[in-house]
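Novice:
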Amino acid sequence: MATVFLNAVLDGVTDVVRTPGASSVSWNNQRINYYSAYLGDGVQAPDDDLLDATYNISGSNWRVDYMQAAGDMNITRITDTDQGANRRIEMLKVGYNSEINLQTTKVKYLEGWEGDKHDITLGSGIASMGIVSLGAALNIVDTSAGYVSSISNYLGRGVYTVRGEVGLIGGDDLNDRLVVDGGRVGLAALWAGDDTVIVRNGGRILDLDISQGNDTVTLSDDSRIISVYSYGGDKKITLNDTSTIYQMKLDNGKHTIKTGDNFVESYVTHDSDNNMTIGTEIGKGGFAQINFSSGTGAFHKHTIVANGYIGSLQATDTSADETDDQSTDLTLNWYAGAIRLGNGDNVVKTGDFAVETIVSQRGNDVIRIGDGGVDLVKTGDGNDKVFTANGFTSYIRTGNGNDTVTMGAGGGSTVSLGDGNDTVIVREMDPGMGLTVHGYTGTDTIDFKFFTVGVTFSLSEQGTLQDVAGGKTPADPADELSVKGYFAQTGMDNINGSNKADTLTGNKLANKLLGKGGNDILSGEGGKDTLNGAAGKDKMYGGDGNDTLIGGKGNDWLQGDAGNDTLKGQAGKDIFVFGANSGTDTVADYVDGTDKLRIEDHTGGFASLHITKANGDKFIEHDGGTIILDGKAGVTLTADDFIFA
Numbered sequence: 002m003a004t005v006f007l008n009a010v011l012d013g014v015t016d017v018v019r020t021p022g023a024s025s026v027s028w029n030n031q032r033i034n035y036y037s038a039y040l041g042d043g044v045q046a047p048d049d050d051l052l053d054a055t056y057n058i059s060g061s062n063w064r065v066d067y068m069q070a071a072g073d074m075n076i077t078r079i080t081d082t083d084q085g086a087n088r089r090i091e092m093l094k095v096g097y098n099s100e101i102n103l104q105t106t107k108v109k110y111l112e113g114w115e116g117d118k119h120d121i122t123l124g125s126g127i128a129s130m131g132i133v134s135l136g137a138a139l140n141i142v143d144t145s146a147g148y149v150s151s152i153s154n155y156l157g158r159g160v161y162t163v164r165g166e167v168g169l170i171g172g173d174d175l176n177d178r179l180v181v182d183g184g185r186v187g188l189a190a191l192w193a194g195d196d197t198v199i200v201r202n203g204g205r206i207l208d209l210d211i212s213q214g215n216d217t218v219t220l221s222d223d224s225r226i227i228s229v230y231s232y233g234g235d236k237k238i239t240l241n242d243t244s245t246i247y248q249m250k251l252d253n254g255k256h257t258i259k260t261g262d263n264f265v266e267s268y269v270t271h272d273s274d275n276n277m278t279i280g281t282e283i284g285k286g287g288f289a290q291i292n293f294s295s296g297t298g299a300f301h302k303h304t305i306v307a308n309g310y311i312g313s314l315q316a317t318d319t320s321a322d323e324t325d326d327q328s329t330d331l332t333l334n335w336y337a338g339a340i341r342l343g344n345g346d347n348v349v350k351t352g353d354f355a356v357e358t359i360v361s362q363r364g365n366d367v368i369r370i371g372d373g374g375v376d377l378v379k380t381g382d383g384n385d386k387v388f389t390a391n392g393f394t395s396y397i398r399t400g401n402g403n404d405t406v407t408m409g410a411g412g413g414s415t416v417s418l419g420d421g422n423d424t425v426i427v428r429e430m431d432p433g434m435g436l437t438v439h440g441y442t443g444t445d446t447i448d449f450k451f452f453t454v455g456v457t458f459s460l461s462e463q464g465t466l467q468d469v470a471g472g473k474t475p476a477d478p479a480d481e482l483s484v485k486g487y488f489a490q491t492g493m494d495n496i497n498g499s500n501k502a503d504t505l506t507g508n509k510l511a512n513k514l515l516g517k518g519g520n521d522i523l524s525g526e527g528g529k530d531t532l533n534g535a536a537g538k539d540k541m542y543g544g545d546g547n548d549t550l551i552g553g554k555g556n557d558w559l560q561g562d563a564g565n566d567t568l569k570g571q572a573g574k575d576i577f578v579f580g581a582n583s584g585t586d587t588v589a590d591y592v593d594g595t596d597k598l599r600i601e602d603h604t605g606g607f608a609s610l611h612i613t614k615a616n617g618d619k620f621i622e623h624d625g626g627t628i629i630l631d632g633k634a635g636v637t638l639t640a641d642d643f644i645f646a
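Numbering-wise, the sequence shown is residues 2 to 646 according to the working numbering.
#1: DSSP state of residue 595, grouped into three classes?
#2: Where DSSP assigns a beta bridge to residue 384, which residues make up the other side?
#3: Restricting to Cα atoms, I'd like to know which of 368, 579, 613 is closest to residue 603.
#4: Enumerate in chain order the residues of its own chain whose CB-to-CB distance from residue 89 is below 6 Å, with the five nearest sequence positions on each side excluded.
#5: Mind checking which residues open and close the beta strand (DSSP E) that includes residue 501?
#6: Take residue 581 and list the residues in its own chain whose beta-carbon comes closer than 7 Å to its own, dropping the five residues that flank it on each side.
#7: Taking the alpha-carbon positions, what's the residue 128 to residue 284 distance?
#8: Within its chain, find whatever has a CB closer than 7 Å to the CB of residue 282; leave out the 5 residues flanking it on each side and keep chain order.
#9: Have a look at 318, 278, 207 and flag the residue whose alpha-carbon is nearest the alpha-carbon of residue 296.
#10: Counting C-beta neighbours from all protein chains within 10 Å, is the total for residue 429 16 or more, i.e. buried, or is it exposed?
#11: Evaluate residue 487 with the Cβ neighbour count: other Cβ atoms within 10 Å of its Cβ, from every protein chain shown; 16 or more gives buried, anything less gives exposed.
#12: Could you round the C-beta distance between residue 364 and residue 391 to whole angstroms and report it? I think they count as a contact, below 8 Å.
#13: Expressed to the nearest angstrom, what Euclidean distance is found between the alpha-carbon atoms of residue 235 and residue 183?
#14: Fully enclosed by the region 514-547, which beta strand (DSSP E) runs are 3 residues long or longer?
#15: Are residue 419 and residue 399 touching if we call contact CB-CB under 8 Å?
#16: In its own chain, which residues sit with a C-beta less than 6 Å from the C-beta of residue 489, not counting the 5 before and 5 after it?
#17: Mind checking residue 480: buried by the 16 CB within 10 Å criterion, or exposed?
#18: Go through its chain and collect everything with a Cβ distance to residue 193's Cβ below 6 Å, but skip five positions before and after it.
#19: Is residue 174 helix, strand or coil when you go by DSSP?
#20: Which of helix, strand or coil does DSSP assign to residue 489?
#21: Taking 7 Å as the limit between beta carbons, can you name the residues of its chain near residue 589, skipping five residues before and five after?
#22: Short of 6 Å in beta carbon distance, which residues of its chain neighbour residue 425, apart from the five on each side in sequence? Order them along the chain.
#23: From the DSSP output, which residues share a beta bridge with residue 204?
#24: Is the beta carbon of residue 253 closer than 8 Å to that of residue 223?
#25: What did DSSP end up calling residue 607 once you bin it into helix, strand or coil?
#26: Could you say which of 207, 403, 219 lies nearest to residue 196 if we only look at CA atoms?
#27: To the nearest angstrom, report how far apart residue 181 and residue 143 are at their CA atoms.
#28: Helix, strand or coil for residue 82, going by three-state DSSP, please let me know.
#29: Does the Cβ of residue 27 have 16 or more other Cβ atoms within 10 Å, making it buried, or fewer, making it exposed?
#30: Can you tell me whether DSSP reads residue 316 as helix, strand or coil?
#31: Taking just the CA atoms, how far does residue 550 sit from residue 475?
#32: Can you name, in chain order, every residue of its own chain whose Cβ lies under 7 Å from the Cβ of residue 44, other than the five neighbours on each side?
#33: Which two residues bound the contiguous beta strand (DSSP E) that contains residue 76?
#34: Note down the Cα distance separating residue 158 from residue 190, rounded to an integer number of angstroms.
#35: I'd like the span of the beta strand (DSSP E) that includes residue 245, first residue to last.
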């Protein structure tokens with residue numbers, strides 16, 4: 002069948018022609034109740050039903066109640082040719098393809114059938130429109146009308162540009178595209194498909210539903226969306242300049258979010274991975290609230306670089322269920338409020354601006370506090386690391402696990418440790434500051450390795466602030482006497498000194514004291530202690546208990562005191578010191594002709610010693626005590642090997 006061409010005029014006066022064999026329709030007081038020009042059997046076929054219809058609209062003050070202009074193939078064109086006023090079509094149905102350009106003509110209901118393409122333009126001269134429902138493979142609508150009740154594609158793909166106002170935009174399951182170019186949309190529901198949403202020139206969307214599909218949303222020119230929500234698919238959301246989305250709820254996907262200079266009220270997401278950049282420069286933009294949650298069997302990873310403010314961030318998962326853990330890599334370049342992270346392995350880095358609180362759960366976390374400082378850091382179970390810098394950190398609390406806290410020059414108020422073998426590394430601080438370190442179960446160590454002067458610190462003083470470097474002469478005589486801050490401890494077990502001359506004292510428990518470099522004085526006091534002078538000319542006093550003393554490099558003084566002690570001089574010319582009733586002490590590495598054996602409070606000299614050998618060792622009995630030279634049975638001892646005092 003050949004193509005049938007139909008050219009008609011809608012002007013409120015001229016009879017409107019129809020397909021061949023059908024009579025024209027006349028106007029009755031500038032009104033037509035019913036008009037239909039249809040060619041087809043409802044089945045698209047290449048050899049029939051070819052209607053090519055063109056309608057030119059003009060005039061004013063007329064009305065058509067029902068109009069159908071359709072064919073199974075070809076196209077229907079409807080065009081406003083002038084700016085006539087007060088003309089309307091109550092119901093308009095077009096066929097499988099259409100081109101419609103209306104500038105002032107109002108349509109209450111417009112339906113386009115299933116076909117290849119509908120291309121519709123609605124001009125700004127239209128005060129209001131009703132419903133637009135389209136079903137072609139491609140449905141294009143560009144509207145500047147004052148208000149359109151709804152635009153939707155029940156089949157196919159929608160490409161919509163809104164310059165006026167639309168109550169509802171409804172998409173189907175294909176890749177829809179919505180551009181709000183200075184216009185307004187109440188609800189845009191694009192559903193499945195990989196959809197694109199662009200809001201520019203101050204455009205507004207009240208609610209945007211992009212559930213399912215991998216969607217892209219971009220805002221610019223101070224545009225706004227009140228809320229965005231989705232329950233599936235990966236989302237890419239970009240907020241440029243001062244544009245913003247007030248509320249976002251995105252679930253079950255991998256999301257990339259970039260914001261500009263404005264503020265987002267809330268972002269809530271469940272079972273999702275998130276990559277977020279907040280603000281394009283430091284101090285711009287931010288989020289009032291960010292909430293990540295996860296369910297059983299889903300591990301999730303979040304990466305956040307925050308140049309703007311975060312009021313609160315919370316990653317919620319189940320502490321008893323390792324399958325739903327969340328890990329967050331968080332960089333805070335601006336102020337932040339409350340940060341609470343999940344049970345995965347978290348990494349946090351702050352900058353030059355203060356943060357209120359950082360709390361992590363289970364996992365091996367690394368938290369680096371910048372010069373802005375923080376009020377509270379609290380870690381959970383796991384082997385965590387906390388670093389501070391030049392900013393003040395008021396309170397640090399670690400959980401179970403082997404944790405390390407490294408304090409910066411900014412100092413702090415309190416470090417409180419949990420279960421496990423923990424280490425607190427301290428630095429020289431402002432003399433006006435005082436840091437208290439509380440140990441707990443496990444073996445805990447306070448470390449002064451970064452000090453540039455020798456320190457004096459005692460574990461016997463519980464809870465008392467100690468001026469650890471007061472009055473020590475610095476390396477440069479031109480410098481002032483060094484007061485390097487005040488430190489107190491409770492429940493700590495070990496001390497690591499500096500590379501200068503330290504004076505370290507234990508308590509009645511088993512302690513490890515490490516002198517490192519410098520000429521150190523180490524005193525174990527009670528308990529089964531291990532004293533290690535390391536480099537330098539050190540003096541070590543074991544005190545009560547069965548102690549181990551290690552001289553290290555240098556000419557050291559090793560005095561076990563009471564108890565059955567083990568003395569290891571190592572390199573250098575060492576002096577092993579014993580007293581009356583000092584127990585049975587073992588010298589593990591005596592070097593004949595280099596080391597000396599000093600016996601204090603002794604009378605009778607060398608001749609009064611009872612020296613024997615057995616099992617490869619040399620035994621020296623004196624004043625109620627015994628000295629064992631391990632593996633030195635073959636050594637011949639003389640008075641020159643001893644010092645008596």
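No residue lacks a Cβ here, since even glycine has one placed at the ideal position from N, Cα and C.
As the structure is a prediction and not an experimental result, all values here were calculated from the model.
Specialist: Quick answer:
#1: One-based indexing of the sequence shown puts residue 595 at position 594. If DSSP states are grouped into helix, strand and coil, residue 595 belongs with coil.
#2: Here residue 384 refers to the residue found at position 383 when the sequence shown is read from its first residue. Paired residues: none, contrary to the question.
#3: For the purposes of this step, residue 603 is identified with residue 602 of the sequence shown, where counting begins at 1. Taking only the C-alpha atoms, the option nearest residue 603 is 579.
#4: Start at 1 with the first residue of the sequence shown, and residue 89 comes out as number 88. 64, 107.
#5: By one-based count along the sequence shown, residue 501 stands at place 500. Where residue 501 is concerned, there is no enclosing beta strand (DSSP E), given that its DSSP letter is neither H nor E.
#6: By one-based count along the sequence shown, residue 581 stands at place 580. So the qualifying residues of the chain are 602, 624, 625, 626.
#7: Here residue 128 corresponds to residue number 127 of the sequence shown, with the count starting at 1. Here residue 284 corresponds to residue number 283 of the sequence shown, with the count starting at 1. Straight-line Cα distance between these residues: approximately 43 Å.
#8: Here residue 282 corresponds to residue number 281 of the sequence shown, with the count starting at 1. So the qualifying residues of the chain are 308.
#9: Residue 296 sits at position 295 when you count from the first residue of the sequence shown. If we check each option's Cα against that of residue 296, 318 comes out closest.
#10: In the sequence shown, residue 429 corresponds to position 428, counting from 1. The residue in question, residue 429, is buried, as its Cβ has 16 or more Cβ neighbours within 10 Å.
#11: By 1-based counting over the sequence shown, the position of residue 487 is 486. Residue 487 comes out buried.
#12: Position 363 of the sequence shown, counted from the first residue, corresponds to residue 364. Position 390 of the sequence shown, counted from the first residue, corresponds to residue 391. About 27 Å separates the two Cβ atoms, so there is no contact after all.
#13: Residue mapping note: residue 235 aligns to position 234 of the sequence shown, counting from 1. Residue mapping note: residue 183 aligns to position 182 of the sequence shown, counting from 1. Going by the C-alpha atoms only, they are around 27 Å apart.
#14: 522-524, 531-533, 540-542
#15: Position 418 of the sequence shown, counted from the start, is the residue given in the question as residue 419. Position 398 of the sequence shown, counted from the start, is the residue given in the question as residue 399. A contact, by the Cβ cut-off of 8 Å.
#16: The residue labelled residue 489 in the question sits at position 488 within the sequence shown. Closer than 6 Å at Cβ, skipping near neighbours: 437, 464, 465, 466.
#17: Here residue 480 is taken as the residue at index 479 of the sequence shown, counted from 1. Since pLDDT at residue 480 reaches only 47, below the 50 mark, its modelled position is unreliable, and the value read off the structure follows with that caveat. Classification for residue 480: exposed.
#18: Locating residue 193 in the sequence shown gives position 192, where the first residue counts as 1. So the qualifying residues of the chain are 174, 213, 214.
#19: Within the sequence shown, residue 174 is the residue found at index 173, counting from 1. It is coil, neither helix nor strand.
#20: For the purposes of this step, residue 489 is identified with residue 488 of the sequence shown, where counting begins at 1. Three-state DSSP puts residue 489 in a strand.
#21: What you label residue 589 is simply residue 588 of the sequence shown in a count that begins at 1. Answer for residue 589: 567, 568, 569, 631, listed in chain order.
#22: The sequence position of residue 425 within the sequence shown is 424, counting from 1. So the qualifying residues of the chain are 406, 416, 438, 447.
#23: What you label residue 204 is simply residue 203 of the sequence shown in a count that begins at 1. BP columns for residue 204 are empty, so no partner.
#24: As a position in the sequence shown, residue 223 is number 222, starting the count at 1. As a position in the sequence shown, residue 253 is number 252, starting the count at 1. No.
#25: On the sequence shown, position 606 is the one that residue 607 refers to. Note: residue 607 maps to helix in three-state DSSP.
#26: Counted from its first residue, the sequence shown places residue 196 at position 195. That would be 219, whose Cα lies nearest to the Cα of residue 196.
#27: Along the sequence shown, read from residue 1 onward, the residue named residue 181 stands at position 180. Along the sequence shown, read from residue 1 onward, the residue named residue 143 stands at position 142. So the alpha carbons of these two residues sit roughly 10 Å apart.
#28: Sequence index remark: in the sequence shown, residue 82 carries index 81 (1-based). Of the three classes helix, strand and coil, the one that applies to residue 82 here is coil, per DSSP.
#29: The residue given as residue 27 occupies position 26 in the sequence shown. Exposed, by the Cβ-count rule.
#30: Along the sequence shown, one-based indexing puts residue 316 at 315. Residue 316: strand per DSSP, three-state reduction.
#31: Taking the first residue of the sequence shown as 1, we reach residue 475 at position 474. Taking the first residue of the sequence shown as 1, we reach residue 550 at position 549. Its pLDDT being 47, under 50, residue 475 is placed unreliably in this model, and the value from its coordinates should be taken loosely. Looking at the two C-alpha atoms, the distance is approximately 29 Å.
#32: Taking the sequence shown and counting its residues from 1, the one referred to as residue 44 is at position 43. Below a pLDDT of 50, predicted positions are generally treated as unreliable, and residue 44, at 49, falls in that range; no measurement from the model is reported.
#33: Reading the sequence shown from its first residue, position 75 is the one you call residue 76. No beta strand (DSSP E) holds residue 76; DSSP gives it neither H nor E.
#34: In the sequence shown, counting from the first residue as 1, residue 158 sits at position 157. In the sequence shown, counting from the first residue as 1, residue 190 sits at position 189. Approximately 13 Å between the Cα atoms of the pair.
#35: Taking the sequence shown and counting its residues from 1, one reaches residue 245 at position 244. Residue 245 -> beta strand (DSSP E) spans 245-252.
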